[in-house]
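K.L.:
Numbering (the working numbering), first residue to last: 22 to 366.
Just so you know, even glycine gets a beta-carbon here, dropped at the ideal spot from N, CA and C.
Predicted model, so just to flag it, every value in this text is computed and none were measured.
Below: one structure in structure tokens.
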Amino acid sequence: MTTLLVTGGAGYIGSHTLIELIGAGYRPIVIDNLCNGSRAAVRRVERIVGTHIPFVEGDIRSAGLLDGLFALQERQGQPIECVLHLAGVKAVGESVRDPIKYFDNNVSGTVALLSAMRDHGIRRLVFSSSATVYGVPRFLPFTEEHPLHPTNPYGRSKLIVEQMLQDACAADPEFGAVTLRYFNPIGAHPSGLIGENPRDVPNNLFPFITQVAVGRQPHLKVFGNDYDTEDGTGVRDYLHVMDLAAGHVRAVDYALRHSDFVAVNLGTGKGTSVMELVRTFERVNGLRIPCRIEARRPGDVDRVWADASLARRLLNWQTTHGVESMCQDGWRWQQSNPEGYGATH
Numbered sequence: 022m023t024t025l026l027v028t029g030g031a032g033y034i035g036s037h038t039l040i041e042l043i044g045a046g047y048r049p050i051v052i053d054n055l056c057n058g059s060r061a062a063v064r065r066v067e068r069i070v071g072t073h074i075p076f077v078e079g080d081i082r083s084a085g086l087l088d089g090l091f092a093l094q095e096r097q098g099q100p101i102e103c104v105l106h107l108a109g110v111k112a113v114g115e116s117v118r119d120p121i122k123y124f125d126n127n128v129s130g131t132v133a134l135l136s137a138m139r140d141h142g143i144r145r146l147v148f149s150s151s152a153t154v155y156g157v158p159r160f161l162p163f164t165e166e167h168p169l170h171p172t173n174p175y176g177r178s179k180l181i182v183e184q185m186l187q188d189a190c191a192a193d194p195e196f197g198a199v200t201l202r203y204f205n206p207i208g209a210h211p212s213g214l215i216g217e218n219p220r221d222v223p224n225n226l227f228p229f230i231t232q233v234a235v236g237r238q239p240h241l242k243v244f245g246n247d248y249d250t251e252d253g254t255g256v257r258d259y260l261h262v263m264d265l266a267a268g269h270v271r272a273v274d275y276a277l278r279h280s281d282f283v284a285v286n287l288g289t290g291k292g293t294s295v296m297e298l299v300r301t302f303e304r305v306n307g308l309r310i311p312c313r314i315e316a317r318r319p320g321d322v323d324r325v326w327a328d329a330s331l332a333r334r335l336l337n338w339q340t341t342h343g344v345e346s347m348c349q350d351g352w353r354w355q356q357s358n359p360e361g362y363g364a365t366h
């Protein structure tokens, strides 16, 4: 059984990915400093999959911690063969206010991780990147060849890491890295046991919708209704978090067989507007979401969606869930857990 390290494995995407990894026969070990994640999420994943998941609370910027973890696995005869690197901070607005935090966590953290991997001969990595590396669309859909001009520190931190991984692969012919450029993951595991759990007021649209539905927020703020789209609201490529999790498994499969660098979009290839998402959520769940139109946010663009054909060709991956399923599963999680994981870390 192949042993993997999942950094940030207690977070939203990480916890869902653990389920898919275990289902595919991998043995994940989680390291997470719990700044965005929750220990409760990992415990609930254990309930879903029926097996124990080793968990280390700690920061990947701690070189000693990583060295000790890698060495322990070697002594136990279960060396880590691949790292899924999901750890990092991820709010665009906060990155503008506090860019140093983002470069420290996302870039310095990756430097520490790559250094420890090099010291222990670990040469396979899957990186959680973002469609924000593309910046303002010059053409749509975004292909992986689209120019990379991120417009905020969060996106720039992701691009710097991608460039580091390219250089690492160029320097070591035995090193392989897959960088996954996510679009907009939403929804939750169909069990309702795990889901997105923002610590504060949500930065993303979908958890804001579910928090309005459950009564934690009074109304949904819709930022702009004068975009060049069918209903005037921004269009994004939303994908089910379980489809995204399955994409990580396919990326690990690929990384273990190849020593090269590849960047791959993970999206549905379809755009959905803010109001289309709201109306779908209302329809499939029998609810009403009160909305308030507000001014556009600086930097938001009209339309964004992926060309995911490379993922189909290279990783044999494509999405299987529609927007209705995303809305039903996301509401099941929020309805069952009105306060998310609560105060439990």
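Is E217 helix, strand or coil by DSSP?
P.N.:
Position 196 of the sequence shown holds residue 217. Reduced to three states, the DSSP call for E217 is coil.
K.L.:
Give me, in chain order, the residues of the same chain whose beta-carbon lies closer than 8 Å to that of Y259; leave out the 5 immediate sequence neighbours on both sides.
P.N.:
As a working note, residue 259 is residue 238 in the sequence shown. The residues are F204, N205, P206, I207, F227, T289, T293, L298, V344 and M347.
K.L.:
Considering only residues of the same chain and omitting the five flanking positions on each side of D350, which have a CB-CB separation below 6 Å?
P.N.:
Against the sequence shown, residue 350 aligns to sequence position 329. G208, A209 and P211, listed in sequence order.
K.L.:
Figure out for me which residue from M22, E67 and T23 has the closest Cα to the Cα of G30.
P.N.:
The residue labelled residue 30 in the question sits at position 9 within the sequence shown. The shortest Cα separation from G30 among M22, E67 and T23 belongs to E67.
K.L.:
When the distance is taken between beta carbons, is R48 closer than 8 Å to L25?
P.N.:
In the sequence shown, residue 25 corresponds to position 4, counting from 1. In the sequence shown, residue 48 corresponds to position 27, counting from 1. Yes, Cβ-Cβ distance for L25 and R48 is below 8 Å.
K.L.:
Using CA atoms only, rank isn't needed, just tell me which of Q339, D323 and M296 is closest to A329.
P.N.:
For this step, residue 329 is matched to residue 308 along the sequence shown. That would be Q339, whose Cα lies nearest to the Cα of A329.
K.L.:
So, using beta-carbon positions, are D323 and D249 closer together than 8 Å?
P.N.:
As a first step, residue 323 must be located in the sequence shown, where it is residue number 302. As a first step, residue 249 must be located in the sequence shown, where it is residue number 228. In contact: D323 and D249 (Cβ atoms closer than 8 Å).
K.L.:
Just checking, does the region 253-270 make contact with the region 122-140 on the three C-beta pairs under 8 Å criterion?
P.N.:
Output reads no: the region 122-140 does not touch the region 253-270.
K.L.:
In the DSSP assignment, find the unbroken alpha helix (DSSP H) run with D53 in it and report its ends.
P.N.:
Translated into the one-based positions of the sequence shown, residue 53 becomes position 32. Run containing D53: none in the alpha helix (DSSP H); it sits in the beta strand (DSSP E), R48 to D53.
K.L.:
Going by DSSP in three states, T367 sits in which element: helix, strand or coil?
P.N.:
Residue 367 lies beyond the range of the chain shown here (22 to 366); nothing can be said about it.
K.L.:
Taking the continuous alpha helix (DSSP H) assigned at F148, which residues delimit it?
P.N.:
As a first step, residue 148 is located in the sequence shown; it is residue number 127 there, counting from the start. Segment R145 to S151 is the beta strand (DSSP E) holding F148; no alpha helix (DSSP H) there.
K.L.:
Name the residue from R313, S280, F282 and G156 whose alpha carbon lies nearest to the alpha carbon of A327.
P.N.:
Within the sequence shown, numbered from 1, the residue matching residue 327 stands at position 306. Ranking the options by Cα distance to A327, first place goes to G156.
K.L.:
Roughly how many angstroms lie between the CA atoms of R118 and M22, to the nearest whole one?
P.N.:
On the sequence shown, position 97 is the one that residue 118 refers to. On the sequence shown, position 1 is the one that residue 22 refers to. Distance between the alpha carbons of R118 and M22: 44 Å.
K.L.:
In angstroms with no decimal places, state the Cα-to-Cα distance between P219 and D88.
P.N.:
Mapped onto the sequence shown, residue 219 falls at position 198. Mapped onto the sequence shown, residue 88 falls at position 67. For P219 and D88, the distance between alpha carbons rounds to 31 Å.
K.L.:
Starting from E315 and walking both ways along the alpha helix (DSSP H), at which residues does that stretch end?
P.N.:
Indexing the sequence shown from 1 puts residue 315 at position 294. First-last for E315: C312 to E315, but that is the beta strand (DSSP E), not the alpha helix (DSSP H).
K.L.:
Quick one: grab the DSSP three-state call for R159.
P.N.:
Translated into positions along the sequence shown, residue 159 becomes position 138. In the structure shown, R159 sits in coil (DSSP, three-state: anything other than H, G, I, E or B).
K.L.:
Helix, strand or coil: which one does DSSP assign to H279?
P.N.:
Locating residue 279 in the sequence shown gives position 258, where the first residue counts as 1. Of the three classes helix, strand and coil, the one that applies to H279 here is coil, per DSSP.
K.L.:
Say whether the region 70-82 touches the region 28-46, bearing in mind that this needs 3 or more beta-carbon pairs closer than 8 Å, one atom from each stretch.
P.N.:
Contact holds: three or more Cβ-Cβ distances are below 8 Å.
K.L.:
Near L86, which residues of its chain fall below 6 Å by C-beta distance, leaving aside the five closest residues on each side in sequence?
P.N.:
In the sequence shown, the residue the question calls residue 86 occupies position 65. If we look at L86 and ignore the five residues flanking it on each side, its Cβ neighbours are G79.
K.L.:
Going by DSSP, what residue range makes up the beta strand (DSSP E) through K111?
P.N.:
As a first step, residue 111 must be located in the sequence shown, where it is residue number 90. Taken as a continuous stretch (DSSP letters only), K111 belongs to no beta strand (DSSP E), as it is neither H nor E.
K.L.:
According to DSSP, is G351 helix, strand or coil?
P.N.:
Start at 1 with the first residue of the sequence shown, and residue 351 comes out as number 330. Three-state DSSP puts G351 in a helix.
K.L.:
Let me know the secondary structure DSSP gives A45 once reduced to three states.
P.N.:
Taking the first residue of the sequence shown as 1, we reach residue 45 at position 24. Looking at A45 - three-state DSSP - the assignment turns out to be coil, as it is neither helix nor strand.
K.L.:
Where do the N-terminal and C-terminal ends of the beta strand (DSSP E) with A198 fall, by residue?
P.N.:
In the sequence shown, counting from the first residue as 1, residue 198 sits at position 177. Unbroken beta strand (DSSP E) run through A198: G197 to Y203.
K.L.:
Apply the 10 Å Cβ neighbour rule to G35 and answer buried if 16 or more other Cβ atoms are within range, or exposed otherwise.
P.N.:
Translated into the one-based positions of the sequence shown, residue 35 becomes position 14. G35 is buried by the Cβ-count criterion.
K.L.:
Quick check on this structure: which residue in V235, D252 and L241 has the alpha carbon closest to the alpha carbon of N224?
P.N.:
Stepping through the sequence shown from its first residue, residue 224 is reached at position 203. Closest by alpha carbon: L241.
K.L.:
Given a cut-off of 8 Å, decide if T231 and G245 are closer than it, judged by their beta-carbon atoms.
P.N.:
As a position in the sequence shown, residue 245 is number 224, starting the count at 1. As a position in the sequence shown, residue 231 is number 210, starting the count at 1. Not a contact, by the Cβ cut-off of 8 Å.
K.L.:
Return the bridge partner residues of L105 from the DSSP annotation.
P.N.:
Translated into the one-based positions of the sequence shown, residue 105 becomes position 84. Paired residue(s): V27 and V147.
K.L.:
Alpha carbon to alpha carbon, how far is L287 from R313?
P.N.:
For the purposes of this step, residue 287 is taken as the residue at position 266 of the sequence shown. For the purposes of this step, residue 313 is taken as the residue at position 292 of the sequence shown. About 31 Å.
K.L.:
Output the distance between the C-alpha atoms of L308 and V243, rounded to the nearest integer angstrom.
P.N.:
Here residue 308 corresponds to residue number 287 of the sequence shown, with the count starting at 1. Here residue 243 corresponds to residue number 222 of the sequence shown, with the count starting at 1. One C-alpha to the other measures close to 18 Å.
K.L.:
Please return the same chain residues whose Cβ sits closer than 6 Å to the Cβ of A112, not counting the five positions on each side in sequence.
P.N.:
Translated into the one-based positions of the sequence shown, residue 112 becomes position 91. If we look at A112 and ignore the five residues flanking it on each side, its Cβ neighbours are N224.
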